[in-house]
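Colleague:
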Amino acid sequence: MSSSNRPIYLDYNATTPVDPLVLEAMLPWFTEQFGNAASRTHLYGWEAADAVTKARKQVAKLIGAGEKEIVFTSGATESNNLALKGAFEASTNGKHIITIATEHKAVLDTCQHLEALGAEVTYLMPTADGLVSLEQVQAAMRPDTLLVSVMYANNEIGVIQPIADIGRLCRERGILFHTDATQAVGKIVMQVVFDHVDLLSLSAHKLYGPKGVGALYVRRGVKLTAQQDGGRHERGNRSGTLNVPGIVGLGKACQLAYVNMEEEHQRLAYLRDRLEKKILETLPNTYLNGNPTHRLPQTTNISFGQVDGEELLMSFNRIAVSSGSACTSASVEPSFVLKALGVPDELAYASVRFSLGRFTTEEDVEAAIQHVQKVVERLRAAVGHSM
Ligand SMILES: *Cc1c(COP(=O)(O)O)cnc(C)c1O
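Here you go:
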């Protein structure tokens with residue numbers, strides 16, 4: 001899959017390669033079996049509809065849902081938009097939304113959009129380890145709260161929120177509960193019923209499926225206002241001809257994640273722990289960001305003191321990782337997630353997210369450790385000389 005002089009890919013939280021088995025499952029649906037799943041009058045349509053039904057079952061099974069509760073979308077950005085805007089527009093009894101400051105932009109920007117339309121949004125600040133508490137959520141609830149949206153696992157630091165507890169609280173109060181589970185689905189065991197979730201977003205390209213397809217779980221009985229008008233596909237929740245190959249790929253990706261979950265969880269946690277431990281132990285002035293226990297098995301986010309963040313990222317030429325800063329067109333800003341955790345700016349700039357995945361090997365991790373050690377020591381020595 002990788003030719004030797006390409007950097008080692010350690011950015012699986014940004015996107016994942018399509019698993020060869022997923023690609024194989026998708027291919028016939030581009031060519032021979034190209035039917036429109038909404039065509040009811042001939043074989044081409046019927047077989048496409050059957051393939052979509054099979055995929056719907058595979059997605060549902062991974063999260064413990066019923067197949068009729070799965071709405072296919074173009075990805076988690078759309079799922080989040082549909083969940084929040086759809087719930088707000090369908091609500092008759094409230095305009096208050098609770099979310100957290102470290103959500104993905106697809107939730108935060110949607111909240112901002114809704115604020116312009118009259119919503120009132122409370123943005124909870126997580127504690128220094130990235131977690132929000134049940135007490136915080138409870139204290140923010142109001143009689144007119146219609147929705148709580150808390151991400152399952154954070155994309156930058158990997159922390160896993162107390163979803164089942166928040167879900168139970170919301171259910172008791174009759175408040176809708178949405179979770180952006182894009183980073184958690186396929187990595188950790190989850191059941192929407194145990195978690196008391198009403199709406200859950202997921203995306204294929206974060207779990208070895210193709211880009212541009214995802215799903216929103218909509219619990220039976222939950223009413224959303226559709227965000228685009230058309231042929232009333234997906235039980236009226238999302239109009240538009242179904243992306244049959246993409247949906248087949250998402251289904252296959254979910255099935256593969258389901259059967260390999262336990263084993264892969266252990267393998268990745270072992271590799272991640274090794275990477276993290278080696279870096280933290282051998283390099284002084286390095287710090288782990290986020291709660292060390294309640295988190296995904298394959299993510300680690302580390303700040304490197306005594307180095308310039310930009311220089312650090314540019315010097316990592318043998319590994320593909322994500323930085324703690326986001327380049328906007330005008331400037332480089334430290335990650336808002338790390339800022340919310342109280343990480344000082346210099347350290348936030350010099351933070352690196354390592355995210356491992358299905359095709360990460362032990363050799364990759366060893367090579368990455370050595371590369372990080374070498375680069376950081378070299379940069380620090382250079383700074384030392386200039387002083
Ligand atoms: C990647 C990601 C998204 C966006 O998903 P797309 O399918 O790329 O739109 C949303 N939320 C989280 C937490 C993500 O990691």
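Counting in my numbering, the sequence shown runs from 1 upward without gaps. Glycine residues also receive a C-beta, built at the ideal position from the N, C-alpha and C atoms.
Thinking L146 and G94 are a contact (beta carbons under 8 angstroms), I'd like their distance in whole angstroms, please.
Modeller: What you label residue 146 is simply residue 146 of the sequence shown in a count that begins at 1. What you label residue 94 is simply residue 94 of the sequence shown in a count that begins at 1. Sure, about 4 angstroms apart at Cβ, within 8 angstroms.
Colleague: On the three-state DSSP scale, how would you describe G158?
Modeller: Stepping through the sequence shown from its first residue, residue 158 is reached at position 158. Residue state, collapsed to three classes: coil.
Colleague: Using only the alpha-carbon positions, how far apart do A269 and E366 sit?
Modeller: In the sequence shown, counting from the first residue as 1, residue 269 sits at position 269. In the sequence shown, counting from the first residue as 1, residue 366 sits at position 366. So the alpha carbons of these two residues sit roughly 15 angstroms apart.
Colleague: Could you check which residue in E156, P210, T31 and L250 has the C-alpha nearest to that of K105?
Modeller: For the purposes of this step, residue 105 is taken as the residue at position 105 of the sequence shown. Ranking E156, P210, T31 and L250 by Cα distance to K105 puts E156 first.
Colleague: Touching or not, the segment 231 to 244 and the segment 281 to 295, by the rule of three or more beta carbon pairs under 8 angstroms?
Modeller: Taking a cut-off of 8 angstroms on C-beta distances, the segment 231 to 244 does not touch the segment 281 to 295, as fewer than three cross pairs fall below it.
Colleague: Looking only at DSSP bridge pairs, what is T300 linked to?
Modeller: In the sequence shown, residue 300 corresponds to position 300, counting from 1. The partner list for T300 (beta bridge, DSSP) reads F354.
Colleague: Leaving aside the five residues before and after E234 along the sequence, list all residues of the same chain whose C-beta is less than 7 angstroms from its C-beta, in chain order.
Modeller: Locating residue 234 in the sequence shown gives position 234, where the first residue counts as 1. Only V71 and F72 meet the Cβ criterion.
Colleague: Measuring only the C-alpha atoms, how far is I8 from Q191?
Modeller: By 1-based counting over the sequence shown, the position of residue 8 is 8. By 1-based counting over the sequence shown, the position of residue 191 is 191. About 33 angstroms.
Colleague: In whole angstroms, what separates the C-alpha of G174 from that of E262?
Modeller: Mapped onto the sequence shown, residue 174 falls at position 174. Mapped onto the sequence shown, residue 262 falls at position 262. Roughly 34 angstroms separates the two Cα atoms.
Colleague: Kindly indicate the opening and closing residues of the alpha helix (DSSP H) around A87.
Modeller: By one-based count along the sequence shown, residue 87 stands at place 87. Element bounds for A87: A76 to A90.
Colleague: Starting from G214, trace the beta strand (DSSP E) both ways and give me its first and last residue.
Modeller: Stepping through the sequence shown from its first residue, residue 214 is reached at position 214. That run of the beta strand (DSSP E) goes G214 to V218.
Colleague: For ligand 1, any of its heavy atoms closer than 7 angstroms to the Cβ of T182?
Modeller: The sequence position of residue 182 within the sequence shown is 182, counting from 1. T182: yes, Cβ under 7 angstroms from ligand 1.
Colleague: Considering only their Cβ atoms, is the gap separating S355 from N13 smaller than 8 angstroms?
Modeller: Within the sequence shown, residue 13 is the residue found at index 13, counting from 1. Within the sequence shown, residue 355 is the residue found at index 355, counting from 1. Yes.
Colleague: Below 8 angstroms CB to CB, which residues in the same chain sit around L117 once its five sequence neighbours on both sides are set aside?
Modeller: Reading the sequence shown from its first residue, position 117 is the one you call residue 117. Excluding five sequence positions before and after L117, the CB atoms of its chain that fall closer than 8 angstroms to its own CB belong to F88, given in chain order.
Colleague: Is the closest heavy atom of ligand 1 to the C-beta of A76 under 7 angstroms?
Modeller: Locating residue 76 in the sequence shown gives position 76, where the first residue counts as 1. Yes; taking the cut-off as 7 angstroms, the Cβ of A76 has a heavy atom of ligand 1 nearer than that.
Colleague: Within its chain, find whatever has a CB closer than 7 angstroms to the CB of A139; leave out the 5 residues flanking it on each side and keep chain order.
Modeller: Taking the first residue of the sequence shown as position 1, residue 139 is located at position 139. Closer than 7 angstroms at Cβ, skipping near neighbours: no residue.
Colleague: In whole angstroms, what separates the C-alpha of M125 from that of V337?
Modeller: Against the sequence shown, residue 125 aligns to sequence position 125. Against the sequence shown, residue 337 aligns to sequence position 337. Distance between the alpha carbons of M125 and V337: 10 angstroms.
Colleague: At what residues does the alpha helix (DSSP H) containing Y349 begin and finish?
Modeller: Here residue 349 corresponds to residue number 349 of the sequence shown, with the count starting at 1. Y349 -> alpha helix (DSSP H) spans D345 to Y349.
Colleague: Give the DSSP-derived three-state secondary structure of I369 in the structure shown.
Modeller: Locating residue 369 in the sequence shown gives position 369, counting from the first residue. Reduced to three states, the DSSP call for I369 is helix.
Colleague: Helix, strand or coil: how does DSSP classify F336 here?
Modeller: Here residue 336 refers to the residue found at position 336 when the sequence shown is read from its first residue. Looking at F336 - three-state DSSP - the assignment turns out to be helix.
Colleague: Under a three-way DSSP split, which group does I163 fall into?
Modeller: Stepping through the sequence shown from its first residue, residue 163 is reached at position 163. In this structure, I163 counts as helix in the three-state DSSP scheme.
Colleague: Since V185 and A55 should fall inside the 8 angstroms C-beta cutoff, what is the C-beta to C-beta distance between them, to a whole number of angstroms?
Modeller: For the purposes of this step, residue 185 is taken as residue 185 along the sequence shown, with counting starting at 1. For the purposes of this step, residue 55 is taken as residue 55 along the sequence shown, with counting starting at 1. That pair is no contact at about 14 angstroms.
Colleague: Quick check on the burial criterion: 16 or more other C-beta atoms within 10 angstroms. Buried or exposed for P20?
Modeller: Residue mapping note: residue 20 aligns to position 20 of the sequence shown, counting from 1. Answer is exposed; the Cβ neighbour count stays below 16.
Colleague: Can you have a look at G214 and say buried or exposed, based on whether 16 or more other CB atoms are within 10 angstroms of its CB?
Modeller: By 1-based counting over the sequence shown, the position of residue 214 is 214. Per the 10 Å Cβ criterion, buried.
Colleague: Run through the DSSP bridge pairs and tell me what L200 is partnered with.
Modeller: Against the sequence shown, residue 200 aligns to sequence position 200. DSSP, once it has assigned bridges, lists T179 and Y217 as partnering L200.
Colleague: Could you check how far apart the C-beta atoms of N291 and D129 are, in whole angstroms? I think they sit under 8 angstroms.
Modeller: Within the sequence shown, the letter at position 291 stands for residue 291. Within the sequence shown, the letter at position 129 stands for residue 129. Right, the Cβ-Cβ distance comes to about 4 angstroms (below 8 angstroms), so this counts as a contact.
Colleague: CA-CA distance, Y44 and T53?
Modeller: Along the sequence shown, read from residue 1 onward, the residue named residue 44 stands at position 44. Along the sequence shown, read from residue 1 onward, the residue named residue 53 stands at position 53. Straight-line Cα distance between these residues: approximately 14 angstroms.
Colleague: Which same chain residues end up closer than 7 angstroms to G321 when comparing Cβ atoms and leaving out the 5 residues on each side of it in sequence?
Modeller: For the purposes of this step, residue 321 is taken as the residue at position 321 of the sequence shown. It should be noted that the sequence gives Val, not Gly, for residue 321. Taken in chain order, the residues that qualify are L10, D11, V352, R353 and F354.
Colleague: Suppose you measure from the CA of L84 to the CA of E78; what does that come to, to the nearest Å?
Modeller: Within the sequence shown, the letter at position 84 stands for residue 84. Within the sequence shown, the letter at position 78 stands for residue 78. When rounded, the distance between both Cα atoms is 10 angstroms.
Colleague: Beta carbon of M141, beta carbon of I188: below 8 angstroms?
Modeller: As a working mapping, residue 141 is identified with position 141 in the sequence shown. As a working mapping, residue 188 is identified with position 188 in the sequence shown. In this structure, I188 does not lie closer than 8 angstroms to M141 by Cβ.
Colleague: What residue from L288, N289, L271 and I279 has the CA that sits closest to P297's CA?
Modeller: As a position in the sequence shown, residue 297 is number 297, starting the count at 1. Answer by Cα proximity: L271.
Colleague: Using beta-carbon positions only, say whether I63 and Y217 come within less than 8 angstroms of one another.
Modeller: Reading the sequence shown from its first residue, position 63 is the one you call residue 63. Reading the sequence shown from its first residue, position 217 is the one you call residue 217. Cβ atoms of I63 and Y217: closer than 8 angstroms.
Colleague: Taking 8 angstroms as the limit between beta carbons, can you name the residues of its chain near V375, skipping five residues before and five after?
Modeller: By one-based count along the sequence shown, residue 375 stands at place 375. Excluding positions up to five away in sequence, the list reads L312, S315 and F316.
Colleague: Would the beta-carbon of T299 fall within 8 angstroms of that of G158?
Modeller: For the purposes of this step, residue 299 is identified with residue 299 of the sequence shown, where counting begins at 1. For the purposes of this step, residue 158 is identified with residue 158 of the sequence shown, where counting begins at 1. Yes, they are a contact pair.
Colleague: Would DSSP call D144 helix, strand or coil?
Modeller: Here residue 144 refers to the residue found at position 144 of the sequence shown. Of the three classes helix, strand and coil, the one that applies to D144 here is coil, per DSSP.
Colleague: With a threshold of 7 angstroms (Cβ to nearest heavy atom), would H104 be considered close to ligand 1?
Modeller: Here residue 104 refers to the residue found at position 104 when the sequence shown is read from its first residue. Because some heavy atom of ligand 1 lies under 7 angstroms away, the Cβ of H104 counts as near it: yes.
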